[in-house]
Each structure stands twice: as structure tokens, then as C-alpha cells.
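Mapping the sequence shown onto this note's numbering, position 117 (from 1) lands on 149, and the numbers just tick up by one. Structure, as C-alpha cells:
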Amino acid sequence: MKKPASSKLIPKLNRKNYTITPNLTILSAMDEDELEVVHDFTIENEYGKIIFEGTTNVKGLDLDEIVTIENKQVLVYPEGSAMPPIGKGLNKAAIIHLYHCFPANKSKEDVQRRLERVAKKQSAVHIDYNEEQGTWIFRVNHF
């Protein structure tokens with residue numbers, strides 16, 4: 033029978049209105065090896081979500097300090113925090129969904145072109161924009 037990892041190794045998330053997948057109950061039941069290979073780890077709130085592609089080592093991550101999802105932007109390892117090398121921790125490829133992205137008086141084609149330009153400027157790849165829901169989806173290689 034596997035032994036759950038120490039509570040110190042379970043990711044920390046105390047912010048209101050943020051959820052993660054798998055949730056903290058599931059993560060708390062994982063052993064140390066399982067915490068190193070969490071598939072498609074996701075963090076979400078009312079403004080968007082980030083899906084970290086593939087397997088992610090979530091051991092000991094302080095998500096309250098590392099990830100902020102705000103209106104029309106995400107911050108992963110904000111300025112002043114210690115960012116791990118590319119491919120480690122959460123500094124890796126991710127699909128980002130930003131909610132509530134409703135442009136003022138622009139055609140769908142204009143919006144698509146603008147989002148593609150913004151994505152390219154941020155070294156991201158535009159995936160989709162749902163104009164009815166105001167959801168912009170794009171991919172980053174790392175943060």
C-alpha cells in the first residue's frame with residue numbers, strides 16, 4: 033500500500049475562487065512519486081485557466097505565490113520570485129484560456145488578427161477565440 037506524501041509536499045493553494053485539477057484531496061492522497069508526474073495539471077478561477085501540458089512536478093509548489101490569474105492576464109512566477117529553469121516547475125508549456133475577452137465594436141476578423149499579433153508578441157501561439165463566450169485560448173512554450 034502506498035504512503036501519501038508529507039503534507040509539506042502537497043501544493044499550497046489558499047486563494048479564494050481558485051481551483052486546481054486534480055484537486056487538493058486527490059493530490060493529498062498521492063505519494064511523492066505521483067506528485068512528480070501529475071498529468072495536465074490545471075489551475076483556474078473566474079478569469080481563466082492554465083493547463084500545464086504533459087506531466088508536471090507539483091511537489092511543494094506554493095501556488096498562491098507562483099500563479100495569478102487576473103482579468104485578461106496570467107502571471108506565473110511574477111517578477112521578484114525565483115523562476116526555475118525552462119521545463120521545471122510551472123515554467124513549461126501551457127494552454128491558457130482567458131475569459132471575458134470582449135472587444136469593443138470590432139469585427140470577428142479584426143479580433144482574430146489582433147489576438148494573433150498579441151500572441152506572437154508574447155511568444156505565444158493563438159489557438160482559438162470564442163466570440164460568444166469571450167474566451168481566448170493560446171499556448172506558451174514556457175513562462
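For every residue, glycine included, the Cβ atom is placed at its ideal position computed from N, Cα and C.
- Residue range Leu56 to Ala61 is occupied by the alpha helix (DSSP H) that includes Ala61.
- In chain order, Gly166 place their CB closer than 7 Å to the CB of Phe134, counting only its own chain and leaving out the 5 sequence neighbours on each side.
- Scanning Ser60, Leu56 and Tyr50 for the CA closest to the CA of Ser38 turns up Ser60.
- Take Met115, set aside five residues on each side of it, and the residues of its chain with a beta-carbon closer than 6 Å to its own are Tyr109 and Asn123, in chain order.
- Pairing Glu68 with Val99 gives a Cβ-Cβ distance that is not under 9 Å.
- Assigned with DSSP and collapsed to three states, Ile42 falls in coil, not helix or strand.
- The three-state secondary structure of Asp72, taken from DSSP, is coil.
- Counting only unbroken stretches of 3 or more residues, the beta strand (DSSP E) elements lying wholly within the stretch 97–165 are 99–102, 105–108, 126–130 and 156–162, in sequence order.
- For Glu64, the uninterrupted alpha helix (DSSP H) segment begins and ends at Glu64 to Leu67.
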